[in-house]
Amino acid sequence: MTQAIATHVADGIITLHQGQIETFNSAATQMFGYEPAEVKGKEISLLLPLADEDGGAIAQSNSTQIAPQIMTGKLFQPVRQQRGMGKHKAGTPFPIEVSVSDIPVNDRRLVVIHDITAKEQAEAELKRQSNELNRLNTALSKTKSELQSVYVACYDLKSPLQAIAHLSKWIEADLNNWVVEETQPQMNLLRERVDRMEGLIHGILQQTPGKDEG
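Position in the sequence shown counted from 1, then plus 1, gives you my numbering.
Here it is, written out as structure tokens:
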């Protein structure tokens, strides 16, 4: 790869000689905060630590697939977009994808590093929205079930209320002249409350989605 390409690509490109940093392009400088002179001759573990002070969170990400292939040796398996954690000069960790290739000249490795911070943030947001959608679907199902229960209860109340209304009329008819001045207001109040309850039930049934009073 020519120096011009390495200078203008967005990914960090690092060449290693016997496990030590030999070249460090401008994208790697922006990514990690080091100038090439600061890292030349240093171990790659400066950027992809295999041990850290926070209990190993970064190291665990880097020690499985990436580290064994970066160090020189007779055995080599190319690494393709393996996720790990980089460490900025300021000490801030950030997610990366690392590809490692063998350069058949003087035992060198070519390391290409892509900062996937934005990608992981997008994935996290997508997961959050998916979880929120699942929560809303669960709440909607619960609400639908509750509305169904209300609908059934209201529908079941219609017949008893109608029976009470008819019964009050029959009682009034049977009593006829026996309905005195004190009794008549009570009969009227009974029918008024039955009518009011029927109106409430009718309103609830009308507002229940997908249902027909019949």
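Where is the CB? At the ideal position from N, CA and C, for every residue including glycine.
Using the C-alpha atoms, what's the distance from Met86 back to Gly240?
As displayed, the chain neither begins before 2 nor continues past 215, which places residue 240 out of reach and without an answer.
Asp196 bridges to which residues according to DSSP?
None, per the DSSP bridge assignment.
Report yes or no: is there a C-beta of chain D within less than 9 Å of the C-beta of Ala140?
Checking the listed chains, one finds no chain D in this structure; it contains a single protein chain.
Give a yes or no on whether the C-beta atoms belonging to Pro79 and Val101 are separated by under 9 Å.
yes
Which residue comes first and which comes last in the alpha helix (DSSP H) that contains Gln31?
Where Gln31 is concerned, the enclosing alpha helix (DSSP H) stretches over Ser27 to Phe33.
Just checking my contact of Val112 with Leu17 at CB under 8 Å: how many whole Å lie between their CB atoms?
6 Å
The alpha helix (DSSP H) that contains Val40, what's its start and end?
Pro37 to Val40
Please identify the residue among Leu162, Thr118 and Gln207 whose C-alpha is closest to the C-alpha of Arg192.
Leu162
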